[in-house]
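This report concerns only the one structure given below.
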Amino acid sequence: LPFRLIFPKNYDETKSYKLLTYLNYEYANGTDNLKNVQLGNEFLADAYANGEYILLVPQCPEDTWTGLKIENGNYSVNDTAESAVMRSVYGLIHDIALKYQTAGNYAVGVSAGGYAVADLCARHENLLTAAVILAGAGDPAATIGNTKVLIYHGEGDEKIAVSNAQALSSAWGAEYKELTRELHDCWKTAFAKEDILGWLNMK
Numbered sequence: 367l368p369f370r371l372i373f374p375k376n377y378d379e380t381k382s383y384k385l386l387t388y389l390n391y392e393y394a395n396g397t398d399n400l401k402n403v404q405l406g407n408e409f410l411a412d413a414y415a416n417g418e419y420i421l422l423v424p425q426c427p428e429d430t431w432t433g434l435k436i437e438n439g440n441y442s443v444n445d446t447a448e449s450a451v452m453r454s455v456y457g458l459i460h461d462i463a464l465k466y467q468t469a470g471n472y473a474v475g476v477s478a479g480g481y482a483v484a485d486l487c488a489r490h491e492n493l494l495t496a497a498v499i500l501a502g503a504g505d506p507a508a509t510i511g512n513t514k515v516l517i518y519h520g521e522g523d524e525k526i527a528v529s530n531a532q533a534l535s536s537a538w539g540a541e542y543k544e545l546t547r548e549l550h551d552c553w554k555t556a557f558a559k560e561d562i563l564g565w566l567n568m569k
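Start counting the sequence shown at 367; every next residue gets the next number (my numbering).
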């Protein structure tokens with residue numbers, strides 16, 4: 367599984383940093399270990415400039431992280447096997463967090479990457495300190511422990527019906543922001559106008 371591990375500019379080995387995993391949407395898939403960074407560059411640049419995070423940016427080599435079509439919406443993890451790709455993502459987070467003794471594990475994902483973040487929350491309870499799901503879906507019946515979740519979804523999402531996000535946020539007790547007049551690519555507006563890093567910093 368290709369990935370980038372990006373350290374703060376003035377990285378100090380004696381300091382404990384937060385680990386922030388960013389999971390890409392479908393157009394950044396591949397094995398070039400490049401599009402995953404390029405197509406998330408604005409948010410990743412802000413996170414890098416923040417100086418508090420080690421950034422983990424894997425690249426999904428297949429159609430979706432979870433192996434599910436995003437248009438299907440919410441699903442049950444009990445009825446759906448964990449994909450090999452998501453097992454690799456879990457392994458990366460686990461091993462890197464252990465190696466660098468991180469001060470909490472955080473994740474942000476958009477579209478299929480939003481599914482992936484929700485999948486981590488549902489299958490690996492308390493792995494993540496906080497998670498942000500943008501234009502994704504997940505398992506409303508899952509228990510996620512103490513993980514704090516923020517969900518964004520476009521009011522007019524043409525790929526993943528907004529009702530999926532509404533159901534997921536209600537079941538998980540997540541903070542929820544429905545972006546009016548936005549479609550599936552609502553993350554562009556969310557990254558530009560919402561203080562996502564500020565929210566993560568408080569968790």
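Don't be surprised by glycine CBs; every beta carbon is placed ideally from N, CA and C.
Treat the numbers as computed from the prediction; the structure is a model and nothing was measured.
Those residues which DSSP pairs with Asn471 across a bridge: Leu385
From Gly439 to Lys559, what does the alpha carbon distance come to, in whole angstroms? 26 Å
Whole-angstrom distance between Gly480 and Gly410, CA atom to CA atom: One point to set straight first is that residue 410 is Leu, not Gly, in the sequence displayed. Rounded to the nearest angstrom, the two C-alpha atoms are 16 Å apart.
Counterpart residues of Ile517 in DSSP-defined beta bridges: Ile499, Tyr542
Cβ-Cβ distance between Tyr518 and Lys384 below 8 Å: no
Quick one: residues in its chain with C-beta nearer than 6 Å to the C-beta of Lys514, no 5 flanking neighbours on either side, listed in chain order? Ala496, Lys569
I need the boundaries of the beta strand (DSSP E) containing Phe369, first residue and last residue. 369-372
State the Cα-Cα distance for the pair Asp412 and Phe373, rounded to the nearest angstrom. 13 Å
Does DSSP put Val443 in a helix, a strand or coil? coil
Going by beta carbon distance, what residues of the same chain come within less than 6 Å of Gly502, once the five residues before and after it are set aside? Gly480, Tyr481, Ala484
State the DSSP-derived secondary structure class of Tyr391, mapped to helix, strand or coil. coil
Tell me the residue span of the alpha helix (DSSP H) that contains Leu563. 562-567
Assuming Tyr419 is part of the beta strand (DSSP E), what are its boundary residues? 419-424
Would the beta-carbon of Ala394 fall within 8 Å of that of Gln425? yes
Val476 - partner residues in DSSP beta bridges: Leu500
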